[in-house]
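**Q**
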Amino acid sequence: MIMIRMKNVVKSYSKGVKALRGVDLTIEDGEFVYLVGASGSGKSTLAKLLYREEAANKGQIEVCGQLLSKMKGKDIPKLRRQIGIVFQDFKLLLDRTVFENIAYALEVIGTEPEEIRPLVMQALRYVNLEDKANDKPTELSGGEQQRVSIARAIVNSPKLIIADEPTGNLDPKTALEIMRLFYRINQRGTTILMVTHNRSIVEKFRNRVVEIEQGKIIWDENRSDDVIQYDISLGEYVAV
1 MIMIRMKNVV
11 KSYSKGVKAL
21 RGVDLTIEDG
31 EFVYLVGASG
41 SGKSTLAKLL
51 YREEAANKGQ
61 IEVCGQLLSK
71 MKGKDIPKLR
81 RQIGIVFQDF
91 KLLLDRTVFE
101 NIAYALEVIG
111 TEPEEIRPLV
121 MQALRYVNLE
131 DKANDKPTEL
141 SGGEQQRVSI
151 ARAIVNSPKL
161 IIADEPTGNL
171 DPKTALEIMR
181 LFYRINQRGT
191 TILMVTHNRS
201 IVEKFRNRVV
211 EIEQGKIIWD
221 ENRSDDVIQY
231 DISLGEYVAV
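Taking UniProt numbering, the leading residue of the sequence shown gets 1, the next gets one more, and so forth.
1) For Ile-102 and Val-148, what's the separation of their Cα atoms in angstroms?
2) Over the uninterrupted beta strand (DSSP E) stretch that includes Glu-28, give me the two end residues.
3) On a CA-only basis, which of Ser-157, Leu-93, Pro-158 and Lys-58 is nearest Gln-146? Give me that one, please.
4) Please determine, among Val-17, Phe-87 and Leu-25, the residue with the shortest C-alpha to C-alpha distance to Lys-7.
5) If I follow the unbroken beta strand (DSSP E) through Ser-12, where does it start and stop?
6) What does a CB cutoff of less than 7 Å around Arg-5 pick up in its chain, not counting 5 residues either side in sequence?
7) Can you give me the C-alpha to C-alpha distance between Leu-170 and Gly-84, rounded to a whole angstrom?
8) For Ala-38, which three-state DSSP category applies?
9) Using 10 angstroms around the beta-carbon of Ile-218, count the other beta-carbons present and answer buried if the total reaches 16, otherwise exposed.
10) In whole angstroms, give me the CA-to-CA distance for Lys-173 and Thr-190.
11) Distance, Cα to Cα, Val-17 vs Glu-130?
12) Could you pull the start and end residues of the alpha helix (DSSP H) that Glu-203 belongs to?
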């Protein structure tokens with residue numbers, strides 16, 4: 001199954017600035033793909049097009065079986081129910097608890113009230129933050145806040161996660177912990193597209209790498225066949 005398909009996608013901004021110049025990209029169900037490139041290369045623009053934060057000027061985009069070029073505004077929430085989004089700056093609601101931040105993601109898509117608590121607690125257990133449910137984001141470390149945002153992204157069991165520089169504000173050790181978490185999520189079948197400029201992360205957790213430069217894809221390499229070893233201390237398989 002194709003999770004993402006982009007054909008000749010063009011995105012322009014004011015004064016004729018072209019962020020994307022005829023992008024073609026296909027990502028299959030279950031893949032883990034890094035999107036890399038320098039600042040201003042078009043990485044974040046491409047990601048925003050996939051969850052319809054922005055719309056393309058030209059070309060076709062298909063995500064989770066839905067053709068975005070024909071999508072009306074009222075249909076965008078339906079698309080986003082199938083996508084989890086993780087940001088560099090977490091985008092948590094600071095006046096709400098950890099539990100309320102994650103619950104809100106379910107409330108906005110109309111989840112039945114009686115289903116919300118078990119789903120939220122399940123997501124918190126997955127990211128090992130069950131004991132932080134009643135804390136405010138300001139009481140957490142940066143790594144914990146990012147784990148909350150990941151819990152929020154996975155609470156609805158999305159088919160696809162788009163992560164835009166998820167380790168950008170974290171120290172190397174914490175970034176590694178977050179990457180192990182993403183790896184586990186991918187291993188259970190969720191497709192992941194990760195925008196990143198962190199080359200050390202790309203080298204350690206070796207997956208398909210797509211490089212974009214000045215709005216064009218210039219490199220597409222699948223390196224997911226590298227050896228995966230079992231880490232006894234973590235009790236899980238990790239890329240090394």
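Ideal Cβ placement from N, Cα and C applies to all residues, glycine included.
What you are looking at is a predicted structure, and each value in this text was computed from that prediction instead of being measured.
**A** Let me lay it out:
1) Reading the sequence shown from its first residue, position 102 is the one you call residue 102. Reading the sequence shown from its first residue, position 148 is the one you call residue 148. So the two alpha carbons sit approximately 7 Å from each other.
2) Locating residue 28 in the sequence shown gives position 28, counting from the first residue. Glu-28 -> beta strand (DSSP E) spans 18-28.
3) As a working mapping, residue 146 is identified with position 146 in the sequence shown. Here the closest residue by C-alpha is Leu-93.
4) Against the sequence shown, residue 7 aligns to sequence position 7. For the options Val-17, Phe-87 and Leu-25, the alpha carbon positioned closest to that of Lys-7 is the one of Leu-25.
5) Position 12 of the sequence shown, counting from 1, holds the residue named residue 12. Segment 2-12, the beta strand (DSSP E) holding Ser-12.
6) In the sequence shown, counting from the first residue as 1, residue 5 sits at position 5. Thr-26 and Glu-62.
7) Reading the sequence shown from its first residue, position 170 is the one you call residue 170. Reading the sequence shown from its first residue, position 84 is the one you call residue 84. Cα to Cα, the separation comes out at about 20 Å.
8) Counting from one through the sequence shown, the residue named residue 38 turns up at place 38. Coil, per DSSP.
9) One-based indexing of the sequence shown puts residue 218 at position 218. Label assigned to Ile-218: exposed.
10) The residue you call residue 173 lines up with position 173 of the sequence shown. The residue you call residue 190 lines up with position 190 of the sequence shown. So the alpha carbons of these two residues sit roughly 24 Å apart.
11) Counting from one through the sequence shown, the residue named residue 17 turns up at place 17. Counting from one through the sequence shown, the residue named residue 130 turns up at place 130. C-alpha separation (whole angstroms): 46 Å.
12) Here the question's residue 203 lines up with position 203 in the sequence shown. Where Glu-203 is concerned, the enclosing alpha helix (DSSP H) stretches over 199-204.
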